[in-house]
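K.L.:
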Amino acid sequence: MVAAANSSINGTPTRKHGMLRTLLAAGVLPWLVALAVCFFSIGSDAFLTQQNLLNLVRQASYLTLVSIGQFLVIITAGLDLSVGVMLAICSVVAATVMSYWPDGLAGSIWLVIGFGCLAAMGAALIIGIVNGIGIAVLNVNPFMMTLAMSSIGFGIALMMTGGVPVYGIPSAFSDVFGFGTALGIPTPILVTIGFIALVHFLLQHMHVGRYLYAIGSNPRAASLSGINVAFYTFLAYSLCALLASVAALLLTARLESGEANLGASMPLQSIAACVVGGVSLTGGVGKLRDVVLGAIFITLVQNGLNLMGMDSYVQMVVIGCLLVLAIVFDNLRRRLELSA
Amino acid sequence: MHRGCFGIAQIKGDPVQQVEKVSDRVAERSVGGHAEVLRVESLSKSFSGNLALKSVNFDVRAGEVHALLGENGAGKSTLIQILAGVHKPTSGRIMFDGQQVDIQSVQHSRALGISAVFQEFSIAKSLTVEDNLYLGAEPKKGFWIDRRRQRAEARALLQNLGFALDVKAIAGELSRAEQQMVEIAKAFRTPPSILILDEPTASLTDAESQRLFELVRELKQRNVGIIYITHRMHEIEKLADRVTVLRDGAHIATLDKADAPNERLITLMIGREQSTLFPTIDSRPGKTLLEIRDLSAADFSFGGANLIARAGEVVGIAGLVGSGKSQLGRACFGALPVRSGTVQVDGKHVTNKTSRQILNQGLCYIPSDRAAEGLFAQHPIRQNISISSLLMPRLSSKGLLKRGRERPFVKDVIDQLEVRPTNMEAAAGRLSGGNQQKVMIGRYIARGAQVYIFDEPTVGVDVGARHAIYQQIKGLCAKGCAVVLISSDLPEVLNLSSRIYVMHRGDIIGEGVAADLDEERLLSLMFGH
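Here the protein sequences line up with chains X and G, keeping their order. If you read the first sequence in this note's numbering, its first letter stands for residue 1, the second for the next number, and so on. If you read the second sequence in this note's numbering, its first letter stands for residue 1, the second for the next number, and so on.
As structure tokens, this is what we get:
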């Protein structure tokens with residue numbers, strides 16, 4: 001009935017709709033990216049330079065990592081609002097651990113760095129595991145569970161630091177993961193590409209991906225098809241936490257300090273990257289490629305606005321508007337598909 | 001079709017039968033005496049190039065029941081959606097009361113006097129019956145809703161239709177049949193001259209269906225023209241004055257019911273000779289594969305159930321809706337917690353294990369509600385079929401999918417079950433009901449099991465798909481699987497099963513050899529007599 005009513009709104013198919021359909025077939029995102037690139041290259045001479053574009057992709061890599069984690073959760077019809085706080089906790093834990101042995105451990109600074117990274121990932125994983133247990137086992141609503149966890153996590157991060165940045169990170173860590181390059185490409189980009197490949201592999205070449213999509217599409221059918229729904233839901237939140245912790249470590253290396261205020265905008269931006277990339281918030285639908293493109297698009301808009309001299313408050317307004325627009329366009333596309 | 005499809009009226013009581021005869025006579029007269037209300041001439045509808053309706057002619061007279069028959073995808077839904085104002089035709093004319101009309105919208109259609117009750121209810125479940133009845137057309141007193149008048153009008157409306165419904169009841173708490181009554185009452189808020197009923201009995205119990213049939217007969221006498229869509233032949237026998245058969249979007253025939261024996265209708269509908277719908281299944285019972293002992297559900301929906309199913313036989317479980325037959329199947333599959341008792345598959349205990357573990361032990365349960373529990377609607381047919389088999393050695397090794405093997409694997413299933421379309425990348429949600437059912441069944445058959453529990457496998461499924469599904473059941477049985485068939489379709493249970501268990505209010509109250517039972521006996525058992 002609903003579907004029928006929807007398609008009736010569009011009425012009979014006409015040539016005009018046919019054209020619109022072709023335009024929207026690939027999703028609205030490539031068009032938005034093209035539009036934004038045109039707009040910003042006119043608005044700022046510095047935009048279309050090799051230097052800036054490389055910088056842009058590096059900036060986008062942090063958001064990309066968080067967004068593909070968020071994506072894994074959203075496919076299961078979930079939501080993770082605690083990704084921001086995971087960044088904060090990871091950053092603070094990594095910096096605290098690494099600065100505890102300023103002269104290295106057993107003569108090696110890399111042992112300290114490795115130890116700090118593991119501790120940070122462990123901290124994020126704890127949040128992810130608690131999220132997973134609450135949502136998959138105790139059936140707490142994902143929105144509430146992760147919202148509560150972000151309050152808890154932020155509180156802990158502030159308690160650990162008193163709101164003051166933690167300094168004393170080994171410079172080797174920042175040199176390699178914050179500012180380093182390999183073959184002329186910044187390390188964060190390389191790390192991110194590696195994780196994109198891993199998630200792609202997980203989604204396309206392992207049963208795990210199919211199961212996550214199935215759970216998001218119809219959890220009861222998934223269960224009756226022999227899928228352990230609770231376990232794979234739990235897995236999605238844990239993987240999301242791990243990906244967020246990698247982003248946190250890369251950002252901490254870049255900032256050369258542990259910040260409890262890191263990642264406050266990440267929940268909104270990572271969800272926006274998914275939605276702009278056509279991922280359905282009701283679960284079961286979405287492509288990894290489009291999420292990556294979504295994250296790049298959002299960073300691109302921020303970067304362009306920066307170059308044009310707009311402050312971060314304007315950027316917040318713009319990102320919010322884009323999010324709503326993306327959803328409206330996506331609905332339009334779906335309606336056209338239905339009437340097809 | 002089957003000897004005893006005539007259903008319950010003949011068996012249950014003489015009064016009903018008399019009513020039927022009387023109304024038949026009335027119907028005959030009215031068909032002769034009443035004018036045509038609606039005429040559709042060479043109506044076509046295409047959806048992005050695909051012709052869903054090809055130059056169809058159709059008419060409805062006042063006071064007749066005109067049955068619309070066809071397999072899923074034959075164009076029935078498109079036709080009634082055009083009449084109800086949901087879609088606009090691509091070409092053709094619609095004449096209403098002798099005037100050509102161009103139906104603009106659902107509201108326009110209603111204003112003309114065409115009311116439709118679709119399969120999918122449009123009820124606001126948290127609102128009361130009266131609020132639902134007047135939703136969007138609330139009687140107003142100035143700015144405010146005139147609740148007193150609304151209540152009085154709602155009561156009058158329900159009383160007039162003979163529905164014993166409490167206007168203050170919350171719609172979501174009503175039974176499926178009562179919700180259906182609300183839907184019908186809504187259609188009668190402004191008295192219609194054409195009423196469209198789309199598979200109205202699809203989820204009703206037999207008793208509830210009886211009530212609906214009486215209502216349809218009453219409406220006939222009030223000169224309402226009724227378009228009645230159904231898959232069930234015995235309903236056509238009981239109710240229809242004329243039958244129009246559609247196939248592949250084209251008008252095949254319009255017949256007086258007297259000229260349309262079931263066999264002929266089925267042949268017209270599926271476009272080929274079909275000597276019989278039900279295959280003959282040879283029962284050669286081997287060892288016991290499923291053994292249920294003293295099983296009771298944690299939610300008390302059934303208790304103390306004992307049942308066995310052996311290799312190479314089909315065992316039926318008959319019962320009314322709410323008898324606990326469906327819950328028994330679910331409990332075997334770990335989808336419903338068990339309070340006490342045991343379930344064994346091939347001698348191994350699976351009581352209260354998870355569905356995944358039980359599937360690995362060789363038992364599967366194929367749910368009755370394919371939309372809610374069966375399909376991943378947005379996902380392609382391919383993924384819907386392979387999802388349960390991904391971890392089998394054929395499709396993966398060491399956690400890696402062998403993606404090249406998946407398509408041939410799925411293609412086998414599609415060919416075996418004759419799924420249409422054959423394009424395995426089509427989204428499952430866009431298939432017809434029969435094909436969706438085949439996809440869901442195909443998933444479990446592809447997975448492979450020793451015990452198959454089918455829960456209402458042919459609800460809302462056309463004759464062609466039914467036939468294909470029955471052939472699968474026959475095939476499983478021949479392969480040496482144990483098949484448990486949970487169904488409220490009496491001919492289906494009687495013709496396919498070798499033994500039948502009857503459930504009533506949570507108890508298994510009888511077991512018998514199918515050959516010794518007829519519909520009359522089975523039905524009286526189902527009612528607990």
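Cβ atoms here follow ideal geometry from the backbone N, Cα and C, with glycine treated the same way.
Who are the near neighbours of ILE327 (chain X) in its chain, counting only those whose CB is closer than 7 Å to its CB and skipping five residues on each side?
P.N.:
VAL275, listed in sequence order.
K.L.:
Just the Cα atoms here: how many angstroms apart are SER23 (chain G) and GLN210 (chain G)?
P.N.:
Residue placement at SER23 (chain G) is poorly supported in this model, since its pLDDT is 40, which falls under 50; the coordinates are not used for a value here.
K.L.:
Cα separation between ARG25 (chain G) and GLU36 (chain G)?
P.N.:
With a pLDDT of only 37 at ARG25 (chain G), under the threshold of 50, the placement of this residue in the model should not be trusted; the figure read from the coordinates follows. So the two alpha carbons sit approximately 19 Å from each other.
K.L.:
Using the beta-carbon of each residue, which ones in chain G are nearer than 9 Å to VAL137 (chain X)?
P.N.:
Within 9 Å Cβ-Cβ: nothing; VAL137 (chain X) doesn't reach chain G, min ~13 Å.
K.L.:
Run through DSSP, which three-state label would LYS402 (chain G) get?
P.N.:
Correct three-state label for LYS402 (chain G): coil.
K.L.:
Please list, in chain order, the chain G residues whose beta carbon lies closer than 7 Å to that of ALA221 (chain X).
P.N.:
Neighbours of ALA221 (chain X) on chain G, chain order: GLU373, GLY374, LEU375, PHE376.
K.L.:
Please specify which runs of the alpha helix (DSSP H), each continuous and at least 4 residues long, are wholly inside the segment 401-450 of chain G, giving them in chain order.
P.N.:
Complete alpha helix (DSSP H) runs here, min 4: 403-417, 433-447.
K.L.:
Can you name the residues that DSSP bridges to PRO380 (chain G)?
P.N.:
In DSSP, PRO380 (chain G) forms a bridge with G:ALA427.
K.L.:
On a CA-only basis, which of G:VAL182, G:PHE163, G:LYS45 is nearest ALA171 (chain G)? Give me that one, please.
P.N.:
The option with the nearest alpha carbon to ALA171 (chain G) is G:VAL182.
K.L.:
Quick one: using the 10 Å Cβ neighbour count with 16 as the cut-off for buried, is ARG289 (chain X) buried or exposed?
P.N.:
It counts as exposed.
K.L.:
Kindly identify the DSSP beta-bridge partner or partners of THR254 (chain G).
P.N.:
DSSP lists G:THR244 as partners of THR254 (chain G).
K.L.:
From this set, X:LEU322, X:GLY309, X:VAL199, X:GLU256, which residue's C-alpha is nearest SER67 (chain X)'s C-alpha?
P.N.:
The candidate whose alpha carbon is nearest that of SER67 (chain X) is X:VAL199.
K.L.:
Compare the C-beta of ILE9 (chain X) with all C-beta atoms of chain G and state if any pair is closer than 8 Å.
P.N.:
Its pLDDT being 34, under 50, ILE9 (chain X) is placed unreliably in this model, and the value from its coordinates should be taken loosely. By this cut-off, ILE9 (chain X) is not an interface position.
K.L.:
Cβ closer than 8 Å: which chain X residues qualify as neighbours of GLN383 (chain G)?
P.N.:
The answer, in chain order, is ARG210, TYR213, ALA214.
K.L.:
Please report the Cβ distance between LEU359 (chain G) and HIS207 (chain X), rounded to the nearest whole angstrom; I am assuming they are in contact, meaning their Cβ atoms lie under 8 Å.
P.N.:
Not really, about 14 Å apart at Cβ, beyond 8 Å.
K.L.:
Could you round the C-beta distance between VAL140 (chain X) and GLY134 (chain X) to whole angstroms and report it? I think they count as a contact, below 8 Å.
P.N.:
Confirmed, Cβ separation roughly 4 Å.
K.L.:
Comparing the C-beta of SER238 (chain X) with each C-beta of chain G, is any distance below 8 Å?
P.N.:
Chain G contact via Cβ: absent.
K.L.:
To test your reading of the DSSP string, which unbroken beta strand (DSSP E) runs of 3 or more residues are found completely within the segment 258-326 of chain G?
P.N.:
Complete beta strand (DSSP E) runs here, min 3: 288-297, 305-310, 313-319.
K.L.:
Report the option in G:ALA52, G:ILE453, G:ALA515, G:ASP282 whose CA atom is closest to the CA atom of ASP248 (chain G).
P.N.:
Ranking the options by Cα distance to ASP248 (chain G), first place goes to G:ALA52.
K.L.:
Anything in chain G within Cβ reach of GLY284 (chain X), meaning under 9 Å, just list it in chain order.
P.N.:
Neighbours of GLY284 (chain X) on chain G, chain order: PHE376, ALA377, GLN378, HIS379.
K.L.:
Taking Cβ-Cβ distances below 9 Å as the criterion, which residues of the segment 392-409 of chain G are in contact with chain X?
P.N.:
Within the segment 392-409 of chain G, the qualifying residues are LEU395, SER396, GLY399, LEU400, LEU401, ARG403.
K.L.:
To the nearest whole angstrom, what separates the beta carbons of ASP311 (chain X) and VAL28 (chain X), a pair I think is in contact under 8 Å?
P.N.:
The Cβ separation is near 27 Å, so there is no contact.
K.L.:
Specify the secondary structure class of PHE58 (chain G) as computed by DSSP and reduced to three states.
P.N.:
PHE58 (chain G): strand per DSSP, three-state reduction.
K.L.:
Between MET206 (chain X) and chain G, is any beta-carbon pair separated by less than 8 Å?
P.N.:
So, interface residue.
K.L.:
Determine the direct distance from the alpha carbon of VAL315 (chain G) to that of VAL451 (chain G), and round the result to whole angstroms.
P.N.:
VAL451 (chain G) and VAL315 (chain G): Cα-Cα distance of roughly 11 Å.
K.L.:
Taking only three categories from DSSP, how would you classify TRP110 (chain X)?
P.N.:
Looking at TRP110 (chain X) - three-state DSSP - the assignment turns out to be helix.
K.L.:
Hey, is the segment 338-345 of chain G in contact with the segment 513-529 of chain G, meaning 3+ C-beta pairs nearer than 8 Å?
P.N.:
No, the segment 338-345 of chain G is not in contact with the segment 513-529 of chain G.
K.L.:
Can you find a CB in chain X that lies within less than 8 Å of the CB of GLU229 (chain G)?
P.N.:
Reading off the sequence shown, one finds Ile at residue 229 (chain G), where the question assumed Glu. Not closer than 8 Å to any Cβ of chain X, the Cβ of ILE229 (chain G) fails to qualify, so no.
K.L.:
Residues of chain X with CB closer than 8 Å to the CB of ARG420 (chain G), please, in chain order.
P.N.:
Residues of chain X passing the Cβ test: none, with the nearest at roughly 18 Å.
K.L.:
Do you know whose CA, among G:GLY70, G:HIS66, G:ARG39, G:PHE47, lies nearest THR267 (chain G)'s CA?
P.N.:
Nearest C-alpha to THR267 (chain G): G:GLY70.
K.L.:
Output, in sequence order along the chain, the residues in the segment 353-368 of chain G whose CB is closer than 9 Å to any CB in chain X.
P.N.:
Residues passing the 9 Å Cβ filter: THR354, SER355, ARG356, GLN357, ILE358, LEU359, ASN360, CYS364, TYR365, ILE366, PRO367.
K.L.:
Taking Cβ-Cβ distances shorter than 7 Å, what residues in chain X pair up with ILE387 (chain G)?
P.N.:
The contacting residues are ARG210, ALA214, SER225.
K.L.:
In chain order, what are the residue ranges of uninterrupted alpha helix (DSSP H) at least 4 long that sit wholly in the segment 279-326 of chain X?
P.N.:
Runs of the alpha helix (DSSP H) inside the segment 279-326 of chain X: 288-307.
K.L.:
Just mark SER197 (chain G) as buried or exposed, buried being the case when its beta carbon has 16 or more other beta carbons within 10 Å.
P.N.:
Checking the displayed sequence, the identity of residue 197 (chain G) turns out to be Leu instead of Ser. Buried: at least 16 other Cβ atoms inside 10 Å.
K.L.:
Let me see if you follow: with CB-CB separation under 8 Å, is ASN348 (chain X) close to chain G or not?
P.N.:
Outside the displayed span of chain X (1 to 340) sits residue 348 (chain X), for which this structure offers no information.
K.L.:
Grab the span of the alpha helix (DSSP H) containing VAL66 (chain X) for me, first residue to last.
P.N.:
Taken as a continuous stretch (DSSP letters only), the alpha helix (DSSP H) holding VAL66 (chain X) covers 50-75.
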